[in-house]
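Everything on this sheet refers to the single structure shown next.
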Amino acid sequence: MDRRYVPEPYKIKVVEPIAVTTRDERDRFIAEAGYNTFLLRSDQCTIDLLTDSGTTAMSDNQWAGMMLGDEAYAGSRNFLHLQEVVRTYYGFRHIVPTHQGRGAENLLSMIMIKPGDYVPGNMYFTTTRAHQERNGATFVDVIVDEAHDPQIELPFKGNIDLAKLERLIAEVGAGRIPYLCLAVTVNLAGGQPVSMANMRAVYRLCAAHGIKVMYDATRCIENAYFIKMREEGYAEASIAAILKEMMSYADGCTMSGKKDCLVNIGGFLCMNDDDLYQKASELVVLFEGMPSYGGLAGRDMEAMARGIVESVDYNYVHHRVTQCRYLADRLDEAGIPVVKPTGGHAVFIDAKAFLPHIPQDRFPAQTLAAELYVEAGVRAMERGIVSAGRNRETGDHHRPKLELVRLTIPRRVYTYAHLDTVAEACIALHRRRDTIRGLEMVYEPKVLRFFTARFQPLAGPTKVKARPTAQLVELAG
Ligand code: PLI
Numbered sequence: 031m032d033r034r035y036v037p038e039p040y041k042i043k044v045v046e047p048i049a050v051t052t053r054d055e056r057d058r059f060i061a062e063a064g065y066n067t068f069l070l071r072s073d074q075c076t077i078d079l080l081t082d083s084g085t086t087a088m089s090d091n092q093w094a095g096m097m098l099g100d101e102a103y104a105g106s107r108n109f110l111h112l113q114e115v116v117r118t119y120y121g122f123r124h125i126v127p128t129h130q131g132r133g134a135e136n137l138l139s140m141i142m143i144k145p146g147d148y149v150p151g152n153m154y155f156t157t158t159r160a161h162q163e164r165n166g167a168t169f170v171d172v173i174v175d176e177a178h179d180p181q182i183e184l185p186f187k188g189n190i191d192l193a194k195l196e197r198l199i200a201e202v203g204a205g206r207i208p209y210l211c212l213a214v215t216v217n218l219a220g221g222q223p224v225s226m227a228n229m230r231a232v233y234r235l236c237a238a239h240g241i242k243v244m245y246d247a248t249r250c251i252e253n254a255y256f257i258k259m260r261e262e263g264y265a266e267a268s269i270a271a272i273l274k275e276m277m278s279y280a281d282g283c284t285m286s287g288k289k290d291c292l293v294n295i296g297g298f299l300c301m302n303d304d305d306l307y308q309k310a311s312e313l314v315v316l317f318e319g320m321p322s323y324g325g326l327a328g329r330d331m332e333a334m335a336r337g338i339v340e341s342v343d344y345n346y347v348h349h350r351v352t353q354c355r356y357l358a359d360r361l362d363e364a365g366i367p368v369v370k371p372t373g374g375h376a377v378f379i380d381a382k383a384f385l386p387h388i389p390q391d392r393f394p395a396q397t398l399a400a401e402l403y404v405e406a407g408v409r410a411m412e413r414g415i416v417s418a419g420r421n422r423e424t425g426d427h428h429r430p431k432l433e434l435v436r437l438t439i440p441r442r443v444y445t446y447a448h449l450d451t452v453a454e455a456c457i458a459l460h461r462r463r464d465t466i467r468g469l470e471m472v473y474e475p476k477v478l479r480f481f482t483a484r485f486q487p488l489a490g491p492t493k494v495k496a497r498p499t500a501q502l503v504e505l506a507g
């Protein structure tokens, strides 16, 4: 194997068989699932790249920790361990465990947002924005423009555009911006990182206006790795030191532990402010559980505490990000359009460029994900118009510039040979891309529709129905 790609820094102790299916079976399974990969059964998938969320293989040390769960209703020793580890590595004073990331988003949004507020952020994330909107805020995207272009290669495409942020503050007033939500890395931009310089500048600007900065820390370890590799002055710094500095430019964070804390379930909300903590610990009782378990078993908190310690190991994160680059390189060499540069948790195929004959209302990324499943049993995820949902005011689809299929690499689960299988399936699809037609949506849930929407193949050749002008402009662009 090419030595540009480091071998796995672990050996396999437990194995789980994966499904082997025929093409006819997969044709049937995807039709039964309404052409939505979220609705496939796991045992119908050969290689499951739906998400890196909760799909991590835990270490022997984490499993050993599971046996030390203290399942007391209050004051579990595993909570105290988790609290100590979070304080050590993330540096925040207070931690409220939650069952997963969106539990923390719910608490944060309820505590901080008033109807009519604005929450700026570096590109939306589905659950994060849904909680902000549910509490009456308008999300405002203040990411750099380049993040919306899949082909521009920049080291820190997740950065906030300070001019956009200043403009928003001038327009609506700092009093209507309870906090800024900074995601490290930016999932929907392709796993793009934010530079330390940008974090520092954003924090200073917000502090000057009395606006709090809350991180979505979900993939902060991958962000720290990119800072080490790409930002001047950090090559010699440890991942732990970079992480601590990153967090010093925030007032708190939400965390989906299911990603960079290397666990199958869990999350937390952190903050330094005593008053905010008081409110969070009152509210968590209503939605999650006591402030010392927040919806988690003691054993889950122990696994998360141990996972956090493992996550700052350079060898772990170096291999993880290298796996993503390996798959992206194989696709890129074959002429398949992928988002550049490759991010930290996934490879994103540009479905608009892959299937230019399918208009956005015919769901090119949804179509491509369904076809990839039929081709080789590889399950990917749509991250385009379906995930973006609808505008609350106009009822029209949000039409994101990025129409992507995400091949998400679970942590410590697959080998390079699995990734070769994925690459070969994508290449086969690319060769027959002209034969691929779009889909139409036949069932649309009101909230977070991508999870359970159902589709069917278009009968004839792809036709664009008459649409309002705004939509045509977007498609033309
Ligand atoms: O899935 P949760 O509730 O633990 O976390 C929600 C969440 C918050 N922020 C970000 C950036 C995420 O990526 C995220 C969840 N992501 C999922 C499920 C994913 O497949 O990417």
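Counting in our numbering, the sequence shown runs from 31 upward without gaps.
Even for Gly, the Cβ is constructed at its ideal location relative to N, Cα and C.
- Message: Tell me whether residue 480, by its Cβ, gets closer than 8 angstroms to a heavy atom of ligand 1.
- Response: no
- Between residue 493 and residue 81, what straight-line distance do the alpha-carbon atoms span, to the nearest angstrom? With a pLDDT of 42 at residue 493, under the threshold of 50, the modelled position of that residue is not reliable, and the figure given next carries that caveat. C-alpha separation (whole angstroms): 32 angstroms.
- Smallest Cα separation from residue 87: which of 457, 472, 445? 445
- Start-end ranges of the alpha helix (DSSP H) lying completely within the segment 350-374, minimum 4 residues: none
- Item | 7 angstroms Cβ shell around residue 231 - same chain, five flanking residues per side excluded | 192
- Item | Range covered by the beta strand (DSSP E) that runs through residue 246 | 242-246
- Task: Give every residue whose Cβ lies closer than 6 angstroms to any heavy atom of ligand 1, listed in chain order.
- Result: 81, 83, 130, 131, 132, 155, 157, 158, 213, 217, 246, 248, 286, 288, 297
- Query: Hey, residue 354 and residue 290 are a contact pair by Cβ (cut 8 angstroms); roughly how many whole angstroms apart?
  - Reply: The Cβ separation is near 14 angstroms, so there is no contact.
- Three-state secondary structure (DSSP) at residue 70? coil
- Message: Please state the DSSP three-state secondary structure of residue 494.
- Response: Confidence at residue 494 is low in this model, with a pLDDT of 38, below 50, so the placement of that residue should be treated as unreliable; the coordinate-derived value is given next. In this structure, residue 494 counts as coil in the three-state DSSP scheme.
- Item | Exposure of residue 242, with buried meaning 16 or more beta-carbon neighbours within 10 Å | buried
- Quick one: is residue 92 buried, meaning 16 or more other Cβ sit within 10 Å of its Cβ, or exposed? buried
- Cβ-Cβ separation, residue 172 to residue 195 (assumed contact under 8 angstroms), whole Å: 5 angstroms
- Query: Excluding five sequence neighbours on each side, which residues of the same chain lie with their C-beta closer than 7 angstroms to the C-beta of residue 211?
  - Reply: 149, 151, 158, 244, 246
- Around the C-beta of residue 481, are 16 or more other C-beta atoms found within 10 angstroms, so that it is buried, or is it exposed? exposed
- Query: How far does the beta strand (DSSP E) with residue 125 in it reach, from first residue to last?
  - Reply: 124-128
- Message: Just to confirm my understanding: we take residue 77, look at its own chain, exclude 5 residues before and 5 after, and list those with CB closer than 8 angstroms. What are they?
- Response: 48, 406, 407, 408, 409, 444, 448, 451, 452
- Item | Contiguous alpha helix (DSSP H) assignments of at least 4 residues, all confined to the segment 110-165 | 131-142, 156-164
- Helix, strand or coil: how does DSSP classify residue 427 here? strand
- Is residue 222 helix, strand or coil by DSSP? strand
- Query: Can you name the start and end residues of the alpha helix (DSSP H) that residue 44 belongs to?
  - Reply: Taken as a continuous stretch (DSSP letters only), residue 44 belongs to no alpha helix (DSSP H), as it is neither H nor E.
- Inside the segment 54-109 only - alpha helix (DSSP H) runs reaching at least 4 residues: 90-96
- Terminal residues of the alpha helix (DSSP H) in which residue 390 lies: No alpha helix (DSSP H) contains residue 390, which DSSP labels as neither H nor E.
- Query: Going along the chain, which residues of its own chain have a beta-carbon closer than 7 angstroms to the beta-carbon of residue 327, five neighbours each way excluded?
  - Reply: 99, 101
- Message: DSSP three-state label for residue 194, please.
- Response: helix
- Alpha-carbon spacing of residue 454 relative to residue 368, whole angstroms: 15 angstroms
- Message: Here's a check: name, in chain order, each residue in its chain whose Cβ is nearer than 8 angstroms to the Cβ of residue 502, leaving out the five neighbours to either side.
- Response: Residue confidence is low: residue 502 scores 28 on pLDDT, short of 50, so the model does not pin down where it sits. No coordinate-derived value is stated.
- Could you give the distance in angstroms between the alpha-carbon of residue 297 and the alpha-carbon of residue 360? 34 angstroms
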